[in-house]
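Chains as they are written, first to last, in the UniProt record's numbering: chain V, 1 to 586; chain Z, 1 to 586.
All remarks here apply to the structure that follows.
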């Protein structure tokens, strides 16, 4: 019956012995098959696979149905499935294994004692949460987008941390809808070179980044799933989904609770028409499908509560003072009790938020903490009192902001100096589809603009328009997908200190994600490549191309490992030394 | 490890004996668990379920995480799972079964000989295609939206057809993302009474209808899946998915090939802005995600080929003369070779098609066969030469068409008289959100308007704006979700002959789907109800409320059974006599 359940074939077949003594192996095989979205087949006996099983296996080959290179989520790759044999030679003979190999199947045997088989399969299917010392050097919570107000997501480990953590680990984890790391864009012929990469990266993969807490890597995917992985091995601890829409942020983790949000980028036709008839003055609602904020138990993945919104909830929420804040495509900032999800207040922002994840600034004297975010239309930066929900200030900025503008870019905040850094595409020219990218520095208390710098003109990048800034040591580091360059600016004057060009940026441009400063090196993922750059002069120190492509991802560095999600629906752990062998990790 | 694979619990647990002699049952249990997206658990022995298994079962309870009544696709219902016991008392004792029942589990035992167990599970998981005589009275192909040019999807069966076909059968099939038939709308508090039903019905369920061919019911779902069911029993023959987007049409079936298309309703923000800046003159592209036309083997579900498009492919394609035609949200009509999917030609329509499924008119003297469809913006009706792809005529119609207009409604064609019937929301008033619905009759050769009739004013219905017409015996039957009424009009004058009001139409209005005339009775599904209406005077003859709600669904009647999909992601078979006990089926 396998061919009825999987008429299009499958990528994974788990082969168990049909011998009654192997019932335990069959149960483990079932778990493996379920995990891999594959099929379980039983052999006739230890020496013969059996005609029926052989036919079923043959039926599991995925046919080639579209031109080579057109790749889409959920569509298994054409070809024969990988075969897992569960049990040793006495259960399923080497003869069977050899025959399958000769027939062109990739065969992996899981064998050993019953306990060993169980352990191996558990390691694939549902390994244990890392315990104790191994995780002690990790952050113990993650309360905002990119882990810190200044967008610095580097976490050095202590000298007593285990070797793997200090030296770095290497693994790749394929999420539910992963496409091969060496895949090309979908259907360039029909979609064109600007649209094809957008399809692949915007409806698949990890839009923003990953979260590292207590030895666990939490990752959100556009494929509607949330994943928790063992940071050392990349093994799946748990996954939940499908949720009700795409997940496009960093998971927020605190007090053994994970908070994630769901949303999508669409507008209805009635919104299109209303906007046109009102001459661009109507308040728009972005997001067509469901959108919610979910809370899960961080250890088990059990759902604790859910709050629904009108309009998308794509931004990463922010957790502060036992309250979770989420701005939406419906134009509101929602404040929810972090334990129960109960509404504390809701404030109309005067515009919709697309993907601008809120940040906050804690004023050291007043202890006020405005929540700061951008709206796409009107193209404003808005600060909202975290306690009362009152709007503290609104900054319309200048420079003819356009297109996704302020609502698709997340503010960075320098807590020590009370500075907000934000960027936006500006001066869009519809006739030739070019635009500028400009960076703004604002006073965090008043929103007053301290300086603004235009980073230069280029093709308007489709989707995910903006870069995101890192503030470190009086320097702002920001990429521009308009020029496909990385910039270092003086934090207090906006003067450009140096620039660095991304190679192979592709037709959609590169430089959306933000850099991380660690071990005196600037690390940034752009296009297909991860770069190590000298932060003082912009010289390239090293590169590594791990497969797939990167969007607005921010790399997270814990000890010697960079953790990041990509646009192909993979989570990757990469030792820093692989990117820049000369890095000094001590 | 069940709780790791299903941290949110599951709706289905399959319980097999851990006794080695039960390995065969375990394999069948695995198939059942896979089919039901559930988990397989093994008992310790025939008398004791075992502490570990009991704990795992307990972990499978789906927690209540949101206010009661907020229902969403993919989210299992809170509560204990249903337990299937595979095997007889000697494998898993009655004592275990009774204990589970006492603990509040719904328990179903699948038992008998090994062969009987296999047959029962196969019947659930992957029953056989109906063979021979039983299917001979069914249509043998389905080449266009709603099965016929005049939108009449009634197929009488011969007097020698089997009893079940003549008298009608009753079953409900839950698709992948089905929500309970008695579920309410999602989150009325946050979404409001107009948006909540749209969420539930537009991102779930069967947008349009089902297809009945050779004893098989083919159904498309917004949940990204295509299903083939046994028309007699409702058992699943095969399913494929997830495909790359929502499926919103009638499957087209011919020559043992099923054709379906995928699409979505979203606009990007750049489209919104471009449209506003151009004062509503820019050509829009509807559809954000992937969109394709797929061909599958109708017997096995194996994918044969796929053609990708820019912009959505929501309309049902039309098959004519070995060519498949599909209009898209990218504003083109594509003609593809029905065997290979190779492009024959592509014609720019001057506007985008949203959900207007093409029809055709074969001129009896010239043998020309223009493909006829509507575009949403510009709001035109367009006829394209089926052979050359040249545009034959364009009819902008009148009456201030607005909103989704002509592109969200499918033309009906009277082949005998060369008349095209099409309707559209018109005269939208943005201030008070009211609109009219108007019906147009056009000359199929020239597009010239023969008459137009305004059906009256009401609240603008959110999403799926229009009704769809049936033409029979010189009468046009059409529903209006604006007034939530069914109308009978004279086909040649447009004069309203009678009207019929839908009860419980709800805040989104009812009357999107089209009626079917069978056995001298008009049958139509609207809101939560199926109605039998006297076609000569509009008197109600009977009603039936099968659970769920209906959108633009068209009922398909074969013999004594009505087949239809609903907005809750179910496919239903309902005996006509249940709707109208007085129906004369002979």
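Cβ coordinates follow ideal geometry from the N, Cα and C atoms, glycine included.
May I ask you to list the residues that DSSP assigns as paired with residue i?
i: residue 220/Z; result: 226/Z
i: residue 354/V; result: Answer is none; residue 354/V lacks a bridge partner.
i: residue 490/Z; result: 475/Z
i: residue 432/V; result: BP columns for residue 432/V are empty, so no partner.
i: residue 306/Z; result: 294/Z
i: residue 422/V; result: 440/V
i: residue 365/Z; result: Note: residue 365/Z sits in no beta bridge, so no partner.
i: residue 483/V; result: Bridge partners of residue 483/V: none, in fact.
i: residue 14/Z; result: 40/Z and 84/Z
Apply the 10 Å Cβ neighbour rule to residue i and answer buried if 16 or more other Cβ atoms are within range, or exposed otherwise.
i: residue 405/Z; result: buried
i: residue 380/V; result: buried
i: residue 364/Z; result: exposed
i: residue 119/V; result: exposed
i: residue 103/Z; result: exposed
i: residue 281/V; result: exposed
i: residue 250/Z; result: buried
i: residue 51/Z; result: exposed
i: residue 463/Z; result: buried
i: residue 540/V; result: exposed
i: residue 95/Z; result: exposed
i: residue 488/Z; result: buried
i: residue 431/Z; result: exposed
i: residue 78/Z; result: exposed
i: residue 245/Z; result: buried
i: residue 292/V; result: buried
i: residue 581/V; result: exposed
Let's see if you can read the secondary structure: which residues bound the alpha helix (DSSP H) around residue i?
i: residue 166/Z; result: 163-167
i: residue 195/Z; result: 188-202
i: residue 94/V; result: 94-102
i: residue 175/Z; result: That residue, residue 175/Z, is in no alpha helix (DSSP H); it is neither H nor E in DSSP.
i: residue 277/V; result: 269-277
i: residue 595/Z; result: Chain Z is shown only over 1 to 586; residue 595/Z falls outside these bounds and no answer can be derived.
i: residue 465/Z; result: From DSSP, residue 465/Z is part of no alpha helix (DSSP H); its letter is neither H nor E.
i: residue 578/Z; result: 576-579
Quick check on the DSSP output: the beta strand (DSSP E) that includes residue i runs from which residue to which?
i: residue 459/Z; result: 449-459
i: residue 181/V; result: Neither: residue 181/V is in no beta strand (DSSP E) and is coded neither H nor E.
i: residue 21/V; result: From DSSP, residue 21/V is part of no beta strand (DSSP E); its letter is neither H nor E.
i: residue 501/V; result: 496-501
i: residue 332/V; result: 332-337
i: residue 372/V; result: 370-374
Which residues, in chain order, does the region 422-435 of chain V contribute to contact with chain Z at a C-beta distance below 9 Å? 428 and 430
When the Cβ atoms of the region 177-187 of chain V are set against those of the region 435-442 of chain V, are three or more pairs found closer than 8 Å? no
Under 7 Å (Cβ pairs) to chain V, residues found in the region 296-318 of chain Z: Per Cβ criterion, the list reads 300, 301, 302, 303, 304, 305, 306, 308, 309 and 310.
Chain-ordered residues of the region 259-282 of chain Z with a beta carbon less than 8 Å from chain V: 264, 265, 266, 267, 268, 269, 270, 271, 272, 273, 274, 275, 276, 277, 279 and 280
Pair every Cβ in the region 18-27 of chain V with every Cβ in the region 30-45 of chain Z, then say whether three or more of these pairs are closer than 8 Å. yes
Give me the subset of the region 194-206 of chain Z whose CB atoms are less than 7 Å from a CB atom of chain V, sorted by chain position. 195, 199 and 203
Using a Cβ distance threshold of 8 Å, determine whether the region 287-301 of chain V contacts the region 184-194 of chain V, with at least three qualifying pairs required. no
Between the region 61-85 of chain V and chain Z, which residues of the former have a C-beta closer than 8 Å to a C-beta of the latter? 63, 65, 66, 70, 72, 73, 74 and 75
Between the region 244-261 of chain V and the region 158-167 of chain V, can you find at least three pairs of beta-carbon atoms closer than 8 Å? no
Would you say the region 541-553 of chain V touches the region 138-154 of chain V, given that touching needs at least three Cβ pairs under 8 Å? no
Return the residues of the region 175-192 of chain Z that lie within a Cβ-Cβ distance of less than 9 Å from chain V, sorted by chain order. 177, 186, 187, 189, 190, 191 and 192
Would you call the region 104-118 of chain Z in contact with the region 320-333 of chain Z, where contact means no fewer than 3 C-beta pairs closer than 8 Å? They do not touch, by the three-pair rule.
Taking three-plus beta-carbon pairs below 8 Å as touching, is the region 313-321 of chain V in contact with the region 309-323 of chain Z? no
Residues within the region 366-382 of chain V neighbouring chain Z, beta-carbon criterion of under 9 Å: 376 and 377
Any chance the region 496-509 of chain Z sits against the region 423-435 of chain Z, with 3 or more Cβ pairs inside 8 Å? no
Name, going along the chain, the residues of the region 203-227 of chain Z whose beta-carbon falls closer than 8 Å to a beta-carbon of chain V. 203 and 224
Are at least three pairs of beta-carbons, each pair with one atom in the region 4-18 of chain Z and one in the region 201-215 of chain V, less than 8 Å apart? Judged by Cβ distances under 8 Å, the region 4-18 of chain Z makes no contact with the region 201-215 of chain V, as fewer than three pairs qualify.
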